[in-house]
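Participant: Here it is, the structure in full.
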Amino acid sequence: MRPQLRRVLVANRGEIALRIIRACRELGLESVAVYSDADRDARHVRAADFAERLGPAPAADSYLRADAVLDAARRAGADAIHPGYGFLSERAPFAAACEAAGIVFVGPAAETLAGLGDKLAARRAARDVGVPIVPGTLEPAPVSSLESAASVLDLADDVGWPLMVKASAGGGGRGMRRVDRREDLAGALIAASREAEAAFGDGAVYLERYVEGARHVEVQLLGDAEGTIVALGERDCSIQRRHQKLVEEAPAPGLDEDARRRIHELGVAVAQAFGLRNAATAEFLLAPDGNVWFLEVNTRLQVEHGVTELVTGVDIVHEQLRIAEGLSLSSVVREAAARAASPRGHAIEVRVSAEDPANAFLPVSGRITRWREPGGPGVRLDAGVEEGSEVATHYDPLLAKLLVVATDRPTALARLRRALAEFEIGGVQTTLPFHRWLAEDPAFAGARLSTSFVAERWEPGPLRGQAARRAALVASTWALAGTSGRRRPDGPAGSAGQASLPTIRKGVGDASEGHAADVWRQEGRREATRPWGQ
Amino acid sequence: MERHEARTAMEPMKPVEPPGAQGDGAGAGTPGRFPESPARAPLPSPEAIRATVETEPPVSTDLEPYPPDSTGAVGDGAVGGGEEAARPVGERPGADDGDPLVLPLPAVAGQPPGVERVEVVVDGWRFEVRLEPARRAVLRERARRSAGPSASGPRVVRAPLPGRIVRVFVAPGDEVETGTRLCSLEAMKMENEILAPAPGTIERVGVEAGARVEQGDDLVVIG
Chain A
84 MRPQLRRVLV ANRGEIALRI IRACRELGLE SVAVYSDADR DARHVRAADF
134 AERLGPAPAA DSYLRADAVL DAARRAGADA IHPGYGFLSE RAPFAAACEA
184 AGIVFVGPAA ETLAGLGDKL AARRAARDVG VPIVPGTLEP APVSSLESAA
234 SVLDLADDVG WPLMVKASAG GGGRGMRRVD RREDLAGALI AASREAEAAF
284 GDGAVYLERY VEGARHVEVQ LLGDAEGTIV ALGERDCSIQ RRHQKLVEEA
334 PAPGLDEDAR RRIHELGVAV AQAFGLRNAA TAEFLLAPDG NVWFLEVNTR
384 LQVEHGVTEL VTGVDIVHEQ LRIAEGLSLS SVVREAAARA ASPRGHAIEV
434 RVSAEDPANA FLPVSGRITR WREPGGPGVR LDAGVEEGSE VATHYDPLLA
484 KLLVVATDRP TALARLRRAL AEFEIGGVQT TLPFHRWLAE DPAFAGARLS
534 TSFVAERWEP GPLRGQAARR AALVASTWAL AGTSGRRRPD GPAGSAGQAS
584 LPTIRKGVGD ASEGHAADVW RQEGRREATR PWGQ
Chain B
-13 MERHEARTAM EPMKPVEPPG AQGDGAGAGT PGRFPESPAR APLPSPEAIR
37 ATVETEPPVS TDLEPYPPDS TGAVGDGAVG GGEEAARPVG ERPGADDGDP
87 LVLPLPAVAG QPPGVERVEV VVDGWRFEVR LEPARRAVLR ERARRSAGPS
137 ASGPRVVRAP LPGRIVRVFV APGDEVETGT RLCSLEAMKM ENEILAPAPG
187 TIERVGVEAG ARVEQGDDLV VIG
């Protein structure tokens, strides 16, 4: 029997909640937003048809509370829950509880989440269906004591050095660390296990070879209730910091049609082993020698799904909702999958997060005092915030995803540079300086990608120092524009003829002066820089 | 016509010697920035404005308007001329590689009268900049210097954001280098390592593992 969806609760916040709510509206579905006390006035709440409160601001008291989300769904009369990414999206017990409550979980079946959520189980299953896995162990490492952890050394020598210690239940870059020396292994195993136990309630850890110079390439998968599973193409997500993605693109540059087809087939093979329904992503390492190694499967909508949408023309969230209704894969999806190995066009996404790229990408908080989004041809902006939003420290620092699409990679890069120059954000430091640098970087333009790209190439010190000196000039120029004795572009008539007064303009904090700053910027920038710029 | 007017409004100014563009870690307004020779550094012209970017170390620039009847020609040496005056020129990246934004900032507690603060965003980098008449800044620094040297003094490392202390790597008496791990702070789902901003000896550790901290709380004091 086919469930007819009418009202979908979106169990998430920020840009992804808004993105899903928009898809619901496009499909004629009613949407229910949920919110914590910190998000009462957030964009996603205003965008939805209905809204239900979950609890206080901390995620553990709101968005991570399966019972509260289910209660909200019942109160709102929702017949489906879309979990987005993060939070409850990959929790098998939550998916099972939804089904038990007669509410459709928009995602893979609970058993699939459980099976693929255990990364060791996923590794074993992938090996069993002939998919090459990153060399490493297949059982949890003993971590009860330093002595038992040390017993893993022989295994580690077989895996090869350096290696990664990973949490079986890990994700989002957590529970993962690189170990370079034999003597550090036991300590790393125990620390990673403790971290995983605290974060995921499961302390199982395993070893995996660290593949030098590898790229992160992943395959977007869709499966329907009839068991048809297709790959919608791949993405390159090698630009990472702390094992978390900063920039993603589709297709992965530099692969020929055969290489693409092969990696798509590997992704489909893993998905078939778990009877995947709905959307998931199979992640691989692409070694410099061309070898492809399976990493893991994420059983949810990915943050970076948009680049695949821009290249294929498929709306993945629409498809998720259709699949949840029991419909088979649409003809659009099948056609896109058929030509996935020979994609046309190129899309790039950059994650604009509230982080300080000069300080190890540490998250920052604050109030967004300025927010002007780029636009124009080939630009898509998925944002969860707006001018006036408070960036709280309770949640992921992602503010917006800027996506560009063009006929080829160089054109997409040019478009990215153009769009980044249009993006104005004030009030909080963001990752924009990094993205501006990256978009100009010759190694990135040459697609010389690896997961250590950022660690090896990003040197923020000189860039920020140069910007600081320029900021001093900009600020003093701006201040003098009000005391120069001539009328500023928009200046009040009364300010003329006050040349010799060494006073600084008054009232910078009030709204009218804020406006004056805008006008100065628009009208006066080029002129202001001219006296020394030539 | 409007644009022409805008340009003339912008032209009557040029940079004069920037007092601390190099930055030596001592901080704006700290002694030692100006020559110790008996001859006092001359006061900037009354109209000059000093912009101090509140980075570590701070960066500052003095800008002085051209006289209203000046042609605005560059390098004519009329005001603060010579190579010093032209210094910031060479350090400017092209004018088209980013949009400087100037945004108002609310006054902070203890902000002296005549000082205002703005936020400037250059190439996506966000800075808080203090603006004041350069003359006043110089006088204040002189007054502070004559009140006695304070040296660089101990450095307090504060929590950059609220969160929970996961581990503390240092104890009082430890020698640290720039970049030594001090402690790790869990916030926004991530563990962030707090690194020593400068070399020194740990004087005090104000937190322990498991402690919750708010943004700006003292973590470690480096002597």
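Protein sequences appear in the order of chains A and B. The numbering used here numbers the first residue of the first sequence as 84 and each following residue consecutively. The numbering used here numbers the first residue of the second sequence as -13 and each following residue consecutively. We treat Cβ as the ideally placed atom computed from N, Cα and C, and that holds for glycine.
1. Which residue's Cα is closest to the Cα of Gly167/A: Asn361/A, Asp211/A and Gly253/A?
2. Please name the residue, chosen from Pro460/A, Lys202/A, Leu329/A and Glu505/A, that lies closest to Val288/A on a Cα-to-Cα basis.
3. Could you check where the alpha helix (DSSP H) with Ile399/A kicks off and where it finishes?
4. Might you give, ordered along the chain, the residues of its own chain that have their beta carbon closer than 6 Å to the beta carbon of Asp465/A, omitting 5 neighbours on each side?
5. Count the C-beta pairs between the stretch 374 to 382 of chain A and the stretch 397 to 412 of chain A that are closer than 8 Å, then say yes if the count reaches three, no if not.
6. Pick from Asn178/B, Glu194/B and Glu118/B: whose alpha carbon is nearest that of Ala562/A?
7. Determine the closest residue to Val468/A out of Asp479/A, Gln385/A, Ala232/A and Glu278/A, with distance taken between C-alpha atoms.
8. Does Val91/A come out as helix, strand or coil in the three-state DSSP assignment?
9. Against chain A, does Ile208/B count as a neighbour if the rule is that its beta carbon must be under 8 Å from one of theirs?
10. Less than 8 Å separating the beta-carbons of Ser119/A and Asp132/A?
11. One question on the structure: do Ala37/B and Ala555/A come within less than 8 Å of each other, judged by their Cβ atoms?
12. Does Ser567/A have its Cβ less than 8 Å from a Cβ in chain B?
13. Counting only beta-carbon separations shorter than 8 Å, does Arg112/B have a partner in chain A?
14. Chain A partners of Gln97/B, CB-CB under 9 Å?
15. Who are the near neighbours of Val462/A in its chain, counting only those whose CB is closer than 8 Å to its CB and skipping five residues on each side?
16. Measure the C-alpha to C-alpha separation of Val193/B and Gly186/B and round it to an integer number of angstroms.
17. Can you check whether the C-beta of Pro24/B is within less than 8 Å of a C-beta belonging to chain A?
18. Look at the alpha carbon of Phe517/A and the alpha carbon of His326/A, and state the distance between them as a whole number of angstroms.
19. Is Thr494/A helix, strand or coil when you go by DSSP?
20. Could you tell me the distance, in whole angstroms, from the CA atom of Glu135/A to the CA atom of Gly196/B?
21. Which of the residues in the stretch 31 to 44 of chain B, read from start to end, lie with their CB under 9 Å from any CB of chain A?
22. Quick one: which residues of the stretch 441 to 471 of chain A get their C-beta closer than 8 Å to a C-beta of chain B? List them in chain order.
23. Please determine, among Pro158/B, Glu200/B and Val143/B, the residue with the shortest C-alpha to C-alpha distance to Pro183/B.
24. What separation, rounded to the nearest whole angstrom, lies between the Cα atoms of Leu482/A and Val330/A?
25. Quick one: is Ser170/B near chain A, going by C-beta distance under 8 Å?
26. Can you give me the C-alpha to C-alpha distance between Val458/A and Arg141/B, rounded to a whole angstrom?
27. With a cut-off of 8 Å on the beta carbons, I'd call Ala275/A and Val248/A a contact; round off their distance for me.
28. Determine the direct distance from the alpha carbon of Val217/A to that of Leu272/A, and round the result to whole angstroms.
29. Go ahead and pull the three-state DSSP assignment for Pro130/B.
30. According to a CB-to-CB cut-off of less than 9 Å, which residues of the stretch 503 to 527 of chain A neighbour chain B?
31. Work out the CA separation of Gly165/B and Ile208/B for me, nearest whole Å.
32. Which residues, in order along the stretch 142 to 154 of chain B, keep a beta-carbon less than 8 Å from a beta-carbon of chain A?
33. Check each residue of the stretch 272 to 286 of chain A: if its Cβ is closer than 7 Å to any Cβ of chain B, include it; give the result in chain order.
34. Out of Val416/A, Asn442/A, Ser436/A and Pro440/A, which has the shortest C-alpha to C-alpha gap to Ile451/A?
35. Val199/B versus chain A: which residues are under 9 Å apart at the beta carbon?
36. Step through the CB atoms of chain B and report whether any lies within less than 8 Å of the CB of Ala143/A.
Facilitator: Taking the definition as stated:
1. Position 84 of the first sequence, counted from the first residue, corresponds to residue 167/A. For the residues Asn361/A, Asp211/A and Gly253/A, the minimum Cα distance to Gly167/A belongs to Asn361/A.
2. Locating residue 288/A in the first sequence gives position 205, where the first residue counts as 1. Closest option to Val288/A, Cα to Cα, is Lys202/A.
3. Locating residue 399/A in the first sequence gives position 316, where the first residue counts as 1. Its alpha helix (DSSP H) spans residues Ile399 to Ala407.
4. The sequence position of residue 465/A within the first sequence is 382, counting from 1. Excluding residues within five positions, the ones whose Cβ falls inside 6 Å are Glu98, Arg102 and Lys484.
5. No: fewer than three Cβ pairs fall under 8 Å.
6. Locating residue 562/A in the first sequence gives position 479, counting from the first residue. With distances taken between Cα atoms, Ala562/A lies closest to Glu118/B.
7. What you label residue 468/A is simply residue 385 of the first sequence in a count that begins at 1. The shortest C-alpha separation from Val468/A is found at Asp479/A.
8. Here residue 91/A corresponds to residue number 8 of the first sequence, with the count starting at 1. Three-state DSSP puts Val91/A in a strand.
9. Position 222 of the second sequence, counted from the first residue, corresponds to residue 208/B. Among the CB atoms of chain A, none fall inside 8 Å of the CB of Ile208/B.
10. Along the first sequence, one-based indexing puts residue 119/A at 36. Along the first sequence, one-based indexing puts residue 132/A at 49. In this structure, Asp132/A does not lie closer than 8 Å to Ser119/A by Cβ.
11. Residue 37/B sits at position 51 when you count from the first residue of the second sequence. Residue 555/A sits at position 472 when you count from the first residue of the first sequence. Yes. Within cutoff.
12. Translated into positions along the first sequence, residue 567/A becomes position 484. For Ser567/A, the predicted model reports a pLDDT of 40, less than 50, meaning its position is unreliable; a value from the coordinates is still stated below. For Ser567/A, the answer is yes, since a Cβ of chain B falls inside 8 Å of its Cβ.
13. The residue you call residue 112/B lines up with position 126 of the second sequence. With its beta carbon less than 8 Å from one in chain A, Arg112/B belongs to the interface.
14. Residue mapping note: residue 97/B aligns to position 111 of the second sequence, counting from 1. Chain A residues near Gln97/B: none, gap ~11 Å exceeds 9 Å.
15. In the first sequence, counting from the first residue as 1, residue 462/A sits at position 379. Cβ contact annotation for Val462/A (same chain, cutoff 8 Å, sequence separation greater than five): Leu485, Leu486, Val487, Arg498 and Ala502, in chain order.
16. The residue given as residue 193/B occupies position 207 in the second sequence. The residue given as residue 186/B occupies position 200 in the second sequence. Going by the C-alpha atoms only, they are around 19 Å apart.
17. Taking the second sequence and counting its residues from 1, the one referred to as residue 24/B is at position 38. With a pLDDT of only 48 at Pro24/B, under 50, the local geometry of the prediction cannot be trusted, and no value is derived from it.
18. Stepping through the first sequence from its first residue, residue 517/A is reached at position 434. Stepping through the first sequence from its first residue, residue 326/A is reached at position 243. Taking the CA atoms as reference points, Phe517/A sits about 16 Å from His326/A.
19. Against the first sequence, residue 494/A aligns to sequence position 411. Here Thr494/A carries a helix assignment [DSSP, helix/strand/coil].
20. The residue labelled residue 135/A in the question sits at position 52 within the first sequence. The residue labelled residue 196/B in the question sits at position 210 within the second sequence. Near 33 Å, if we compare the C-alpha coordinates of Gly196/B and Glu135/A.
21. Going along the stretch 31 to 44 of chain B in chain order, one finds Ser31, Pro32, Glu33, Ala34, Ile35, Arg36, Ala37, Thr38, Val39, Thr41 and Pro44 with a Cβ nearer than 9 Å to chain A.
22. Within the stretch 441 to 471 of chain A, contact with chain B at the beta-carbon level (separation under 8 Å) is assigned to Ala441, Asn442, Ala443, Leu445, Pro446, Val447, Ser448, Thr452 and Arg453.
23. Counting from 1 along the second sequence, the entry for residue 183/B is found at position 197. For Pro183/B, the nearest C-alpha among the options comes from Val143/B.
24. In the first sequence, the residue the question calls residue 482/A occupies position 399. In the first sequence, the residue the question calls residue 330/A occupies position 247. Their backbone Cα atoms lie some 14 Å apart in a straight line.
25. Here residue 170/B refers to the residue found at position 184 when the second sequence is read from its first residue. Not closer than 8 Å to any Cβ of chain A, the Cβ of Ser170/B fails to qualify, so no.
26. As a working mapping, residue 458/A is identified with position 375 in the first sequence. As a working mapping, residue 141/B is identified with position 155 in the second sequence. First, the residue type needs correcting, since residue 458/A is Gly and not Val in the sequence shown. Going from the Cα of Gly458/A to the Cα of Arg141/B covers about 44 Å.
27. Against the first sequence, residue 275/A aligns to sequence position 192. Against the first sequence, residue 248/A aligns to sequence position 165. Contact between Ala275/A and Val248/A holds, with the beta-carbon distance rounding to 5 Å and staying under 8 Å.
28. Counting from one through the first sequence, the residue named residue 272/A turns up at place 189. Counting from one through the first sequence, the residue named residue 217/A turns up at place 134. Answer to the nearest angstrom: the Cα atoms are 18 Å apart.
29. Within the second sequence, the letter at position 144 stands for residue 130/B. This sequence places Arg at residue 130/B; Pro is not what is there. Here DSSP, grouped into helix, strand and coil, assigns Arg130/B to helix.
30. Per Cβ criterion, the list reads Leu503, Ala504, Glu505, Phe506, Glu507, Ile508, Gly509, Gly510, Val511, Gln512, Thr513, Thr514, Leu515, Pro516, Phe517, His518, Arg519, Trp520 and Glu523.
31. Locating residue 208/B in the second sequence gives position 222, counting from the first residue. Locating residue 165/B in the second sequence gives position 179, counting from the first residue. Distance from the CA atom of Ile208/B to the CA atom of Gly165/B, rounded to whole angstroms, is 13 Å.
32. Close to chain A, meaning a Cβ-Cβ distance shorter than 8 Å, are the following residues of the stretch 142 to 154 of chain B: Pro146, Leu147, Pro148 and Gly149.
33. From the stretch 272 to 286 of chain A, no residue has a Cβ closer than 7 Å to chain B.
34. Numbered from its first residue, the first sequence carries residue 451/A at position 368. The candidate whose alpha carbon is nearest that of Ile451/A is Ser436/A.
35. What you label residue 199/B is simply residue 213 of the second sequence in a count that begins at 1. For Val199/B, no chain A residue has a C-beta closer than 9 Å to its own C-beta; the minimum C-beta separation is roughly 11 Å.
36. Sequence index remark: in the first sequence, residue 143/A carries index 60 (1-based). Judged by the 8 Å Cβ criterion, Ala143/A is not in contact with chain B.
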